[in-house]
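Novice: Numbering (numbering that gives the first Met the number 0), first residue to last: 0 to 353.
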Amino acid sequence: MEKTLIVYDDVFLEHLTGPEHPESPDRLRAIMKGLREFKLLENPKIKLEKPRKAGLDELCLVHSEEYVDFMESFCRKGGGVLGTWGGGVVCSRRSFEVACYAVGGALKAVDEVLNGRFRNSIALIRPPGHHASTELPYGFCIFNNVAVAAKYLMEVKGVSRIAILDVDAHHGNGTQEVFEDTSKVLYVSFHQDRIFPGTGSIEEVGRGEGEGFKINFPLPPYSNEEIYLKALNEIVAPILDQFKPAYIFVSAGFDAHHLDPLTGLGLSSLGYVEIYRWIMEKAEKYTGGRFTAVLEGGYDCEALGKAVPSVVATMAGLTIEVDDPPQKMPENLRNAALRVLEKVWKTIANYWTL
0 MEKTLIVYDD VFLEHLTGPE HPESPDRLRA IMKGLREFKL LENPKIKLEK
50 PRKAGLDELC LVHSEEYVDF MESFCRKGGG VLGTWGGGVV CSRRSFEVAC
100 YAVGGALKAV DEVLNGRFRN SIALIRPPGH HASTELPYGF CIFNNVAVAA
150 KYLMEVKGVS RIAILDVDAH HGNGTQEVFE DTSKVLYVSF HQDRIFPGTG
200 SIEEVGRGEG EGFKINFPLP PYSNEEIYLK ALNEIVAPIL DQFKPAYIFV
250 SAGFDAHHLD PLTGLGLSSL GYVEIYRWIM EKAEKYTGGR FTAVLEGGYD
300 CEALGKAVPS VVATMAGLTI EVDDPPQKMP ENLRNAALRV LEKVWKTIAN
350 YWTL
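#1: Starting from Q191, follow its DSSP beta bridges and name the residues at the other end.
#2: Going by CA-CA distance only, name the one from Y271, C99, C140 that's closest to E57.
#3: Tell me, please, which residues DSSP counts as bridged to E48.
#4: Using a Cβ distance threshold of 8 Å, determine whether the region 290-301 contacts the region 243-253, with at least three qualifying pairs required.
#5: If I measure Cβ to Cβ from G78 and keep anything under 8 Å in the same chain, skipping five residues before and after, which residues do I get?
#6: Does the contact criterion of 3 or more C-beta pairs under 8 Å hold for the region 156-168 versus the region 176-186?
#7: Would you kindly work out how many angstroms separate the C-alpha atoms of E202 and V339, rounded to a whole number?
#8: Given V112, which residues of its chain have a CB within under 8 Å of its CB, disregarding the five upstream and five downstream residues?
#9: Among F242, K107, K2, L303, which has the Cα closest to the Cα of Y271?
#10: Determine the burial state of Q191: buried for a count of at least 16 other Cβ atoms within 10 Å of its Cβ, exposed for fewer.
#11: Can you tell me which of V343, E64, P308, N331 puts its alpha carbon nearest to the alpha carbon of K32?
#12: Let me check understanding here. Comparing Cα to Cα, which of L81, P21, Y7 lies closest to I141?
#13: Checking contacts by CB at 8 Å: is A146 closer than that to chain C?
#14: With DSSP run on the structure shown, which of helix, strand or coil describes V272?
#15: Which residues in the same chain have their Cβ closer than 6 Å to the Cβ of M314, if we skip the five residues on either side of it in sequence?
#16: The beta strand (DSSP E) that contains N119, what's its start and end?
#17: Among the residues of its own chain, which have a CB less than 7 Å from the CB of D299, if the five just before and after it don't count?
#18: Counting only the same chain and skipping the five closest in sequence on each side, list residues whose C-beta sits under 7 Å from that of E335.
#19: With 16 other CB atoms within 10 Å as the buried threshold, where does T352 fall?
#20: For C90, which of helix, strand or coil comes out of DSSP?
#21: Just the Cα atoms here: how many angstroms apart are T356 and H170?
#22: What three-state label does DSSP hand C300 in the structure shown?
#23: Could you tell me how far apart the beta carbons of L106 and R51 are, in whole angstroms, since I believe they sit closer than 8 Å?
#24: Spatial neighbours of I45 within its chain, please: C-beta separation below 6 Å, excluding the five flanking residues on both sides.
#25: So what does DSSP say about T133, is it helix, strand or coil?
#26: Please classify V155 as buried or exposed, where buried requires at least 16 other C-beta atoms within 10 Å of its C-beta.
#27: So who's on the other strand from F95, going by DSSP bridges?
#28: Touching or not, the region 122-129 and the region 7-25, by the rule of three or more beta carbon pairs under 8 Å?
#29: Quick check on the burial criterion: 16 or more other C-beta atoms within 10 angstroms. Buried or exposed for G265?
#30: Given this structure, state the Cα-to-Cα distance separating G87 from P136, to the nearest angstrom.
#31: Roughly how many angstroms separate the alpha carbons of S200 and F216, rounded to a whole number?
#32: Since I247 is in the alpha helix (DSSP H), which residue starts that stretch and which ends it?
#33: Which of the three DSSP states, helix, strand or coil, is assigned to K213?
#34: Following the continuous beta strand (DSSP E) through T291, name the residue where it begins and the one where it ends.
#35: Measure the beta-carbon distance from T174 to E208 and round it to whole angstroms, keeping in mind my assumption that it falls under 8 Å.
#36: Give me the Cβ distance between C74 and V67, rounded to the nearest whole Å; I'm assuming they're in contact under 8 Å.
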């Protein structure tokens with residue numbers, strides 16, 4: 000059995016957002032260039048396969064049929080801009096079809112792990128998804144790829160207790176909203192405080208049956224792997240011990256990298272490696288090693304060309320050397336980050352034994 004599946008196709012380059020737009024096809028070009036340069040696509044532990052196209056029934060696991068029809072019509076007529084920059088989404092004529100392949104890429108990545116062909120998988124897709132809600136494109140996102148894949152697992156495959164770890168620098172407001180009131184999905188988000196979309200406060204813990212199952216870490220600028228790993232080990236790990244997920248998703252944002260032009264967090268490629276090693280350890284403990292990462296944001300091509308290959312290699316049990324050392328965090332911001340973790344601990348301790 001090959002260890003790690005990459006789902007990718009050049010169709011994802013056909014979602015055109017215009018010159019100077021940060022969510023551009025160049026993101027995936029940089030990732031694929033990095034994978035080739037590190038010779039990961041030649042390694043027998045890694046296999047690249049094409050996505051399938053999601054059908055209407057699958058899209059409607061999360062999105063309304065009216066919304067899907069609107070997006071199809073809007074793109075067929077040539078597309079344009081929906082909303083404003085930052086919260087807005089740029090669509091071209093092919094964007095609807097590409098977005099269907101993006102959802103299908105996430106589903107393909109899940110299916111091939113479920114059927115035992117691969118231990119884990121990563122869907123290198125665009126447009127990203129975690130800002131999209133049931134009836135609203137938002138923040139570069141058309142359909143919520145991870146949310147659809149999680150609903151597919153629950154409603155089609157009968158898998159309950161799904162954990163979603165969102166490491167994008169922007170809060171996944173769409174994903175949190177979709178699963179706001181369910182205890183079947185544990186959603187954990189690490190994101191930069193006080194940037195787009197302005198959600199993801201510590202107090203947002205879910206509602207109804209989902210109360211306590213939504214955990215947010217709004218971090219100050221320059222937060223690095225030390226902070227992430229402390230939070231993972233001291234807060235998230237004991238929660239996973241109690242939740243016992245049957246499957247793990249990663250909303251795989253790479254805009255927490257210190258080079259990212261849209262954000263101000265401080266992860267390095269090594270930091271991403273350490274985070275994914277932690278995820279793999281938890282997957283071994285709870286899911287037989289099964290987990291799927293789905294690309295979200297990340298807007299610096301140099302960072303993408305180093306961090307994503309580093310993560311893919313780690314998922315396959317390999318090691319590559321990249322020139323991207325850990326970043327030191329200013330002491331005042333480190334102290335601020337530790338205070339955030341303390342506040343999260345106090346809030347979540349009302350729902351879990353920590």
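Positions of the beta carbon are idealized from the N, C-alpha and C atoms, including for glycine.
Specialist: The short version:
#1: L218
#2: C99
#3: V6
#4: yes
#5: V89, C90, S91, R92, S94
#6: yes
#7: 12 Å
#8: L4, R118, N119, S120, R289, F290, T291
#9: L303
#10: buried
#11: P308
#12: L81
#13: Note that chain C does not occur in the displayed structure, where there is just one protein chain.
#14: helix
#15: T3, N119
#16: 119-122
#17: H256, L258, D259, P260
#18: Residue 335 is actually Ala in this sequence, not Glu. The answer, listed in chain order, is P219.
#19: exposed
#20: strand
#21: This structure cannot settle anything about residue 356, because the visible part of the chain is limited to 0 through 353.
#22: helix
#23: 7 Å
#24: T3, L39, A315
#25: coil
#26: exposed
#27: Answer is none; F95 lacks a bridge partner.
#28: yes
#29: buried
#30: 7 Å
#31: 7 Å
#32: Where I247 is concerned, there is no enclosing alpha helix (DSSP H), although the beta strand (DSSP E) it sits in stretches over 246-251.
#33: strand
#34: 290-294
#35: About 17 Å separates the two Cβ atoms, so there is no contact after all.
#36: The pair is not a contact, with the Cβ atoms about 11 Å apart (cut-off 8 Å).
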